[in-house]
Structure formats: structure tokens, C-alpha cells
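Protein chains in written order, with numbering that gives the first Met the number 0: chain A, 0 to 206; chain B, 0 to 206.
This report concerns only the one structure given below.
2 protein chains.
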Amino acid sequence: MDVSSLTLNRLSLYLRCLRTLQEEGTERISSQQLAERFDLSAPLIRKDLAQFGEFGIRGIGYEVDHLIDRLHSALGLDQQHPLLVVGMGRLGTALARYLGFNDATFRVVAVLDNDAEKVGKEVGDLTIRHTDELEEIVREYGVELGVLTVPAEAAQPMYDALVDAGVQAVLNFAPVSLQLRPGLPSKSVDFRIHLEELVYFLLAKED
Amino acid sequence: MDVSSLTLNRLSLYLRCLRTLQEEGTERISSQQLAERFDLSAPLIRKDLAQFGEFGIRGIGYEVDHLIDRLHSALGLDQQHPLLVVGMGRLGTALARYLGFNDATFRVVAVLDNDAEKVGKEVGDLTIRHTDELEEIVREYGVELGVLTVPAEAAQPMYDALVDAGVQAVLNFAPVSLQLRPGLPSKSVDFRIHLEELVYFLLAKED
DNA sequence: CCATGTGAACAAATTCACAGCA
DNA sequence: TGCTGTGAATTTGTTCACATGG
Chain A
0 MDVSSLTLNR
10 LSLYLRCLRT
20 LQEEGTERIS
30 SQQLAERFDL
40 SAPLIRKDLA
50 QFGEFGIRGI
60 GYEVDHLIDR
70 LHSALGLDQQ
80 HPLLVVGMGR
90 LGTALARYLG
100 FNDATFRVVA
110 VLDNDAEKVG
120 KEVGDLTIRH
130 TDELEEIVRE
140 YGVELGVLTV
150 PAEAAQPMYD
160 ALVDAGVQAV
170 LNFAPVSLQL
180 RPGLPSKSVD
190 FRIHLEELVY
200 FLLAKED
Chain B
0 MDVSSLTLNR
10 LSLYLRCLRT
20 LQEEGTERIS
30 SQQLAERFDL
40 SAPLIRKDLA
50 QFGEFGIRGI
60 GYEVDHLIDR
70 LHSALGLDQQ
80 HPLLVVGMGR
90 LGTALARYLG
100 FNDATFRVVA
110 VLDNDAEKVG
120 KEVGDLTIRH
130 TDELEEIVRE
140 YGVELGVLTV
150 PAEAAQPMYD
160 ALVDAGVQAV
170 LNFAPVSLQL
180 RPGLPSKSVD
190 FRIHLEELVY
200 FLLAKED
């Protein structure tokens with residue numbers, strides 16, 4: 000089976016919403032009800048969910064608890080995935096702390112910087128280590144995911160270093176188009192691009 | 000003309016790349032050369048560019064300077080757009096400073112929080128103001144864009160407050176699906192969803 | 001009866017293939 | 001000749017419509 004990014008992202012949204020519903024004590028929900036919350040169509044939601052099996056009950060809807068369990072494991076979220084953050088500037092520090100509440104799925108095991116001044120300082124309950132130790136750290140903790148929050152100039156070499164050190168997927172926050180390793184999952188998050196998109200929509204609305 | 004988000008996001012990437020090329024002194028570039036940098040197909044890039052006019056020279060390619068000018072104005076980036084950031088936690092602070100180098104396109108004119116403790120503190124060269132002053136601030140500076148970096152629980156009410164105060168587009172960093180105002184451009188950036196997507200790809204690679 | 005699951009219809013995005021022009 | 005610009009073909013994603021089953 001081959002699930003698209005679009006579907007995966009929506010599934011993450013559904014899952015988060017379902018957890019809220021669970022806390023509120025809701026036991027069942029229909030695709031129609033979910034659709035209203037997300038401004039999506041009900042058949043789309045059913046198609047998304049159906050990619051992982053038949054979770055629903057005809058005539059009734061989906062059982063919240065059951066659906067959460069199935070989605071959670073289908074998405075690989077029931078295992079813990081060690082990650083590290085490279086680049087302890089403002090954004091990297093903020094992200095490391097934000098992600099650092101270490102839930103069952105993600106665990107920030109190390110934070111790194113290549114600036115000797117920063118090495119040794121504390122970020123949350125972690126101590127900043129030098130990027131020279133990258134390979135060792137990846138082996139030590141079985142790091143799967145790397146988060147890149149270095150300046151634009153440093154992003155490509157650090158991406159390469161991460162991959163060479165054995166990191167299996169990369170989330171990049173540097174505003175550059177990386178030359179990616181084929182077959183290695185990675186995503187870029189780029190605030191400026193989102194802002195520029197919004198600006199265009201404003202322009203377009205003026206006619 | 001109606002340009003898709005996908006196209007717009009790629010245009011922003013091209014533009015950034017073109018500026019780098021310009022600095023390096025490159026005068027011309029072909030769609031093929033651009034395609035290699037982004038792992039895209041050359042016809043796709045030509046289609047993207049062609050939505051705004053015929054910028055290229057057949058047999059030669061695109062003139063870097065000219066293409067930058069045209070894209071820049073087509074995307075509405077030659078006017079300055081005042082924005083404000085609501086939520087001066089770690090992420091909001093980091094973003095405000097990150098965006099706060101105030102280039103020709105974006106200018107952070109105010110940073111806000113609803114916590115009286117934080118009001119009055121400095122973030123970069125701005126002083127944190129209280130969210131009660133939202134409407135006044137929007138009017139004062141002609142704020143067009145709002146960036147939301149408040150905790151999940153506060154996101155919906157603060158989104159509504161932003162829109163009611165006259166903000167014309169919103170970039171949301173809170174991990175929730177907002178109930179959006181019809182016709183008002185907005186985007187959500189959600190780190191957790193990107194991480195979850197990467198995890199799924201890792202799982203899928205194992206077969 | 002009612003909401004799911006799904007094949008068929010439709011729409012959007014991308015690639016292909018090539019005409020047209022420097 | 002070489003690269004752009006673009007209609008046609010293809011692939012991908014979404015919606016429609018309905019058969020199915022609790």
C-alpha cells in the first residue's frame with residue numbers, strides 16, 4: 000500500500016481531533032461530523048481511513064477509542080523515535096524545548112551546535128554537544144530523526160553530515176532547497192514561503 | 000488568473016534561488032538548470048513561470064535579473080506588509096526575532112501577549128503589548144498579517160480576535176485545526192504533523 | 001434506516017511532445 | 001540548433017452515487 004503525503008497529513012489531524020473527543024468522553028463519531036470540523040468532505044475522510052482497514056460500523060460511524068488505536072499504530076506512532084536537533088539558535092532552542100516534552104512517540108535525545116561557545120550550555124534538561132560528536136550520538140541513542148535549525152549557509156553540509164551519521168529522516172527549517180539523498184525521507188518547513196503565499200492571496204483578493 | 004498554492008510555493012523557491020544566482024553573478028538560467036536544483040521537471044517550472052507572462056527567451060533561457068523583478072512584483076513582494084506576532088512564548092519570541100530583520104517585504108510592527116507579566120518586556124527592538132490593544136494596534140500600523148504562536152487552547156479565540164480586529168491573513172503555528180473565516184487566507188504550520196509523516200515513511204521503507 | 005466502503009466520474013496537477021522563435 | 005511556451009495525454013487526488021451491512 001502506498002499512502003500519499005496529503006492523506007498522511009490529514010490522518011494526523013484526524014488523530015489529534017479524535018484524542019480531544021476522547022478526552023471529552025465522546026465514544027462515536029461519523030465521517031460527516033469529522034468533515035464539518037475540518038472543512039473537508041465526508042467521503043474523503045472515509046477514503047483516508049479506509050486505506051488502513053475497515054474501522055467503521057455501517058449505520059453507526061467510528062468508535063473513537065478503536066479508531067485512535069488503529070491509526071496510532073498504522074502511522075508508526077506507538078514506537079518511540081529518538082530525534083536530535085542541530086543548531087541551537089533561537090529557533091532551534093525553542094523547537095528543542097517545544098518538542099522536548101518527550102511523549103510516547105518522539106524523544107529529543109540530543110541537541111547540537113558547531114559553536115564551541117554554546118557547547119556545554121543547557122537547553123531544557125539537555126546539554127548542548129558539539130556537532131563533531133554527531134556520529135557517536137546517533138549510534139549511542141539510535142537516533143532516527145534529525146531536525147535542522149542551522150543558518151541557511153550551514154544547512155547543506157549539516158544535512159549531509161546527518162545523513163552520513165546514519166540519521167534516517169530529516170526535518171529542515173533552514174530557508175534553502177537542499178540537495179536531498181534519494182530515498183531518504185525529508186521535509187522542509189519554510190515560514191517565509193507561507194507568508195509569501197498569504198501575501199499573494201491578499202493581492203489576488205483586491206482584483 | 001488563478002494560481003494554485005503548489006505553484007506559488009514553488010515560485011517562492013525559484014525566487015530565492017534566483018537571488019542567490021544573482022549574487023553569484025549568473026546572468027541567465029534555463030528551466031532545465033533550475034529543475035536540477037529542485038528535483039523538479041523542467042516543463043513544470045516553465046508552466047509555473049508562464050502563469051505570469053512570457054519571461055523567457057527561446058533558445059536561451061531566462062534572464063536572472065529580469066525574472067527576479069517580474070516574479071517579485073507578481074507575487075506582491077515589492078510592497079511592505081506590516082505583521083504582528085501574538086504569543087510571546089519561546090516559539091513566538093524566536094519567530095518574531097527571526098522575521099524581525101524587517102526586509103522590504105515583511106515588517107514586524109508589534110508583538111503581543113495576553114500575560115500581564117510579559118507585557119512591557121523587550122523582544123528585539125519591540126516592546127510586548129497586551130492583546131487587549133489588538134484592535135488599536137492593527138489600526139495604528141495598518142497590520143495585514145497576523146502570526147499566531149499561542150498555546151493550542153488559546154488559538155481559536157485569538158484567531159477570532161485577530162480577524163475581528165481587521166487582520167487580513169493569518170499564519171498559525173498552534174497545533175489545532177482552526178475554524179476559519181470563509182474567504183480569509185490562512186495557513187497552518189504544524190511541526191508534529193511533519194514529524195509524523197516522516198515516521199510513516201520510515202515505517203513504510205521497512206516493508 | 002443510516003453511515004460506511006468503494007467503483008465510477010470528475011477535477012487538479014504534472015508530464016509529454018512538439019510547435020515556434022531567437 | 002536550443003530552449004521556451006503550451007495543448008494533449010497521463011497521473012494523482014477528490015467527489016459522487018450507491019450497494020452493503022450492522
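Beta carbons: idealized from backbone N, C-alpha and C, even for Gly.
| Check | Outcome |
| --- | --- |
| Segment contact flag, the segment 21 to 37 of chain A with the segment 49 to 64 of chain A, C-beta cutoff 8 Å, min 3 pairs | yes |
| Three-state secondary structure assigned by DSSP to B:Ala168 | strand |
| Closer than 7 Å at the beta carbon, the chain B residues around A:Gln167 | Leu201 |
| At least three beta-carbon pairs within less than 8 Å, the segment 76 to 94 of chain A to the segment 140 to 147 of chain A | yes |
| Neighbouring residues, chain A, relative to B:Leu144 (Cβ below 7 Å) | Leu194, Leu197 |
| Those residues which DSSP pairs with B:Val198 across a bridge | BP columns for B:Val198 are empty, so no partner. |
| Reference B:Ile192, options A:Asp1, A:Ser4, A:Asn8, closest by Cα | A:Asn8 |
| Nonlocal neighbours in the same chain, by C-beta distance under 8 Å from A:Ala168, ignoring five residues either side | Glu143, Leu144, Gly145, Leu183, Pro184, Ser185 |
| 8 Å Cβ cutoff, A:Lys186 in contact with chain B | yes |
| Neighbouring residues, chain B, relative to A:Pro174 (Cβ below 8 Å) | Arg15 |
| DSSP three-state assignment for A:Lys46, whether helix, strand or coil | helix |
| Whether A:Tyr97 touches B:Leu90 by CB criterion (8 Å) | yes |
| Where B:Leu74 sits in the DSSP three-state scheme | coil |
| Cβ of B:Ala93 within 8 Å of any chain A Cβ | yes |
| Nearest neighbour of B:Leu76, chosen from B:Leu194, B:Leu14, B:Leu202 [CA to CA] | B:Leu14 |
| Below-8 Å beta-carbon distance, B:Phe105 vs any chain A residue | yes |
| CB of B:Ala93 within 8 Å of CB of A:Ala93, strictly | yes |
| Bounding residues of the beta strand (DSSP E) (the contiguous stretch that carries B:Arg106) | 105 to 112 |
| Span of the beta strand (DSSP E), counted from its first residue to its last, around A:Gly91 | Segment 89 to 98 is the alpha helix (DSSP H) holding A:Gly91; no beta strand (DSSP E) there. |
| Inter-residue Cα distance where the pair is B:Ile127 and B:Asp114 | 10 Å |
| Where B:Ile28 falls: helix, strand or coil (DSSP) | strand |
| Simplified DSSP assignment, three categories, for B:Gly138 | Per the sequence presented here, residue 138 of chain B reads as Arg, with Gly not at that position. Of the three classes helix, strand and coil, the one that applies to B:Arg138 here is helix, per DSSP. |
| Burial state of A:Thr25 (16 or more Cβ within 10 Å) | exposed |
| Residues that DSSP places opposite B:Lys120 in a beta bridge | DSSP lists no partner for B:Lys120. |
| Segment limits, alpha helix (DSSP H) that includes A:Pro156 | 151 to 163 |
| Amino acids of chain B, ordered along the chain, whose beta-carbon sits closer than 9 Å to that of A:Tyr97 | Gly88, Arg89, Leu90, Phe190 |
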